[in-house]
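Take 59 as the starting number for the sequence shown in this note's numbering and just add one per residue.
All C-beta atoms in this analysis are idealised placements derived from N, C-alpha and C, irrespective of residue type, glycine included.
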Amino acid sequence: MTKDIDESTRTATDQLFAEPLQQIERFSFNKSVVDVFPDMIQRSIPGYSTIIGMIGDLAERFATDNSRCYDLGCSLGAASLAMRRRISANHCEIIAIDNSAAMVEQCQRVVARDHSATPVSVHCANLQDIEIERASVVVLNFTLQFISPAERDAIMAKIFNGLLPGGVLILSEKVAFNDTRHHELMIDLYHCFKRGNGYSDLEIAQKRDALENVLIPETLDQHRQRLKSAGFADADVWFQCFNFASLIAQK
Ligand code: GEK
Numbered sequence: 059m060t061k062d063i064d065e066s067t068r069t070a071t072d073q074l075f076a077e078p079l080q081q082i083e084r085f086s087f088n089k090s091v092v093d094v095f096p097d098m099i100q101r102s103i104p105g106y107s108t109i110i111g112m113i114g115d116l117a118e119r120f121a122t123d124n125s126r127c128y129d130l131g132c133s134l135g136a137a138s139l140a141m142r143r144r145i146s147a148n149h150c151e152i153i154a155i156d157n158s159a160a161m162v163e164q165c166q167r168v169v170a171r172d173h174s175a176t177p178v179s180v181h182c183a184n185l186q187d188i189e190i191e192r193a194s195v196v197v198l199n200f201t202l203q204f205i206s207p208a209e210r211d212a213i214m215a216k217i218f219n220g221l222l223p224g225g226v227l228i229l230s231e232k233v234a235f236n237d238t239r240h241h242e243l244m245i246d247l248y249h250c251f252k253r254g255n256g257y258s259d260l261e262i263a264q265k266r267d268a269l270e271n272v273l274i275p276e277t278l279d280q281h282r283q284r285l286k287s288a289g290f291a292d293a294d295v296w297f298q299c300f301n302f303a304s305l306i307a308q309k
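Structure follows, in structure tokens:
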């Protein structure tokens, strides 16, 4: 098992959608979600641990002296800690951002328990509002999907401008497919994955309703096109499992 998620945060089992709900509210990253988040994300994203581990590998390779690494939509800091444990560059700092106060509060506790050398600061902010400067690594690990598609181009342009030459963006997303049959197959395989991880059909259906119009997936072509328009010449997929993928783009 890779040391990707802080063991002390592996707490409660996600049962948020286990009972029939009268009314399904829009999904939000509130305290109830924070309390079960490590279990939820692990059982809901195929390849999550692999991606987190690889973010550490990539940070080791791409983080440079006197630069910044950004973890945008950091949740409980899994990607920040993976980077922190692997970075050997001097005077490098990690900036972790999330707009959920409950997440940030818990993330600060998790980060404080880790004593690796590279400093990590955790801030509660909309990633649309922060400046990105002197970046060698920018991570958007399953975050862009929660932001309105109308705002995504500007975010990508800001990241490109804030990256140093040679710096990388790691963009992980739930994706859609143009071909209906393929799209349905990927969703079906994904639901099998969730069932295999102990989620019932009711939980899968209620969570899906809660995420409707909250998590908005795009196709890999849409992501590649946006990255290209922002200035990244060579963005492409480095990991995919069903309808979950991660792209890497170098400036
Ligand atoms: C991980 N990256 O474990 N600004 C800042 N944060 C945001 C915004 C925004 N505009 N919108 C959503 N978030 C993490 C997992 S979870 C993915 C990322 C998931 C935050 C939101 O509060 C949540 O913590 C995170 O993005 C998405 O590697 O739960 O599927």
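- If you check the CB distance, Ala-234 and Thr-277 come in under 8 Å.
- Excluding its 5 nearest sequence neighbours in each direction, Ala-268 has C-beta neighbours in its own chain below 8 Å: Phe-75, Ile-82, Glu-83, Arg-84, Phe-85, listed in chain order.
- Relative to the Cα of Gln-100, the nearest Cα in the group Leu-130, Arg-239, Gln-80, Leu-134 belongs to Leu-134.
- Going by C-alpha positions, Leu-227 is about 14 Å away from Phe-297.
- By the C-beta criterion, the segment 118-127 is judged to be in contact with the segment 193-201, since at least 3 inter-stretch pairs fall below 8 Å.
- Asn-184 and Tyr-257 have their alpha carbons spaced roughly 31 Å apart.
- Annotation for Ser-194: the continuous beta strand (DSSP E) segment containing it runs 193-199.
- One alpha carbon belongs to Glu-209, the other to Leu-229, and they sit about 15 Å apart.
- The Cβ neighbour count for Asn-255, taken over all protein chains shown within 10 Å, is under 16; the residue is labelled exposed.
- Glu-231 counts as buried, since no fewer than 16 other beta carbons sit within 10 angstroms of its beta carbon.
- Here DSSP, grouped into helix, strand and coil, assigns Cys-127 to strand.
- Put simply, the segment 298-306 touches the segment 244-255. At least three CB pairs are less than 8 Å apart.
- At a threshold of 7 Å, Met-161 counts as near the ligand GEK, since its beta carbon sits closer than that to one of the ligand's heavy atoms.
- With respect to the 8 Å criterion, Arg-142 and Val-178 are classified as neighbours on the basis of their beta carbons.
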